[in-house]
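Reviewing the structure listed below.
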Amino acid sequence: MIGAQWQIGLHIQSDSVISVALTPKRGGWRQQRWWALPLAPYHDDEQRRQALIDALTPWRAQLPRYASIRLGFPAQRTLQRELPRPVTALCEPECEAWLGAVAARQLSLPPDALAFDYTESQEGYAVTAARAVEVAELTACARALRFTPAALTPDASALACFFPYVDNTCKVIVAQAGAQWLWATRDRWGVGATPGAEGLLSLGVQLNVPAQEITLCGAIREEGDWQGFDPWQAITWPCPPLPDERGRFAIAIGLALGAA
Numbered sequence: 001m002i003g004a005q006w007q008i009g010l011h012i013q014s015d016s017v018i019s020v021a022l023t024p025k026r027g028g029w030r031q032q033r034w035w036a037l038p039l040a041p042y043h044d045d046e047q048r049r050q051a052l053i054d055a056l057t058p059w060r061a062q063l064p065r066y067a068s069i070r071l072g073f074p075a076q077r078t079l080q081r082e083l084p085r086p087v088t089a090l091c092e093p094e095c096e097a098w099l100g101a102v103a104a105r106q107l108s109l110p111p112d113a114l115a116f117d118y119t120e121s122q123e124g125y126a127v128t129a130a131r132a133v134e135v136a137e138l139t140a141c142a143r144a145l146r147f148t149p150a151a152l153t154p155d156a157s158a159l160a161c162f163f164p165y166v167d168n169t170c171k172v173i174v175a176q177a178g179a180q181w182l183w184a185t186r187d188r189w190g191v192g193a194t195p196g197a198e199g200l201l202s203l204g205v206q207l208n209v210p211a212q213e214i215t216l217c218g219a220i221r222e223e224g225d226w227q228g229f230d231p232w233q234a235i236t237w238p239c240p241p242l243p244d245e246r247g248r249f250a251i252a253i254g255l256a257l258g259a260a
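Per UniProt numbering, the very first residue in the sequence shown carries number 1; after that it's consecutive.
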């Protein structure tokens, strides 16, 4: 596939920005570049925005003009709701307006303060929502860097892209982000706030999944029966040298894989 478009995952972490660029080829994926960009210390939202722009301006200059960039939105800043179908059949615009109104009411927010997306489920609709002002702040940062995200995706949900590559006994895929555990099943995702092995144990109890069916991205530093998985195994043709802390790149790789 000559001249294939770069598919880029961009994961903003608390102290750095991680990015991976892939291109689809017949039979798999080729890695083009990876980046681990430190963020300058910040103390408020405006300083954080400027730190992001300063870190990502040289990164943006290295990209092809036409690239598909999927940007991870912090899963801990999102809310998930399962909503039943309305009693009366609605067309798509009416359905969107109804879902927005119901979600806003459940979250005690005015409808215009909510940004949301939804998918149909067996029971009705799975709605993912975030505060519109936080989404606007992130998209404004992207505009300052002269790109429009192809998608703004809850970061934890990107881990579900790895299910085709892990053992078929796996029920949950987990990656560490700072002191948190990001996790995804085949149809759910979320954040575990308790760090270390205790957090993994709590997550297993919460999801009713034994340790043997939890796959941890990157090197296993915690004692337990969890499975290990190198997220770079999902890339058919990686380009050495690869980073030392490979698990840190799990979300960025998952975002890029989802960009095809």
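We put the beta carbon where it would ideally sit given N, CA and C, even for glycine.
Note that the structure is predicted; figures quoted are calculated from it, not measured.
- The C-alpha of P210 is placed about 42 Å away from the C-alpha of L63.
- Our two residues, Q5 and L56, have alpha carbons roughly 20 Å apart in a direct line.
- Secondary structure note for T153: its beta strand (DSSP E) is the uninterrupted segment A151 to P154.
- Bridge partners of S16 according to DSSP: P38.
- Judged by DSSP secondary structure, L114 falls within the beta strand (DSSP E) whose first and last residues are L114 to E120.
- In terms of Cβ geometry, E92 and A126 do not form a close pair [threshold 8 Å].
- Measuring C-alpha to C-alpha distances from A21 to each of S121, G27 and G9 identifies G9 as the nearest.
- Counting along the chain, the unbroken beta strand (DSSP E) around V172 starts and ends at V172 to A177.
- Of the other Cβ atoms in all chains shown, fewer than 16 fall within 10 Å of the Cβ of C239; this residue is therefore exposed.
- Here W189 is not near A115, since their CB atoms are 8 Å or more apart.
- Nearest neighbour of T139 by Cα position, chosen from L52, D244 and T23, turns out to be L52.
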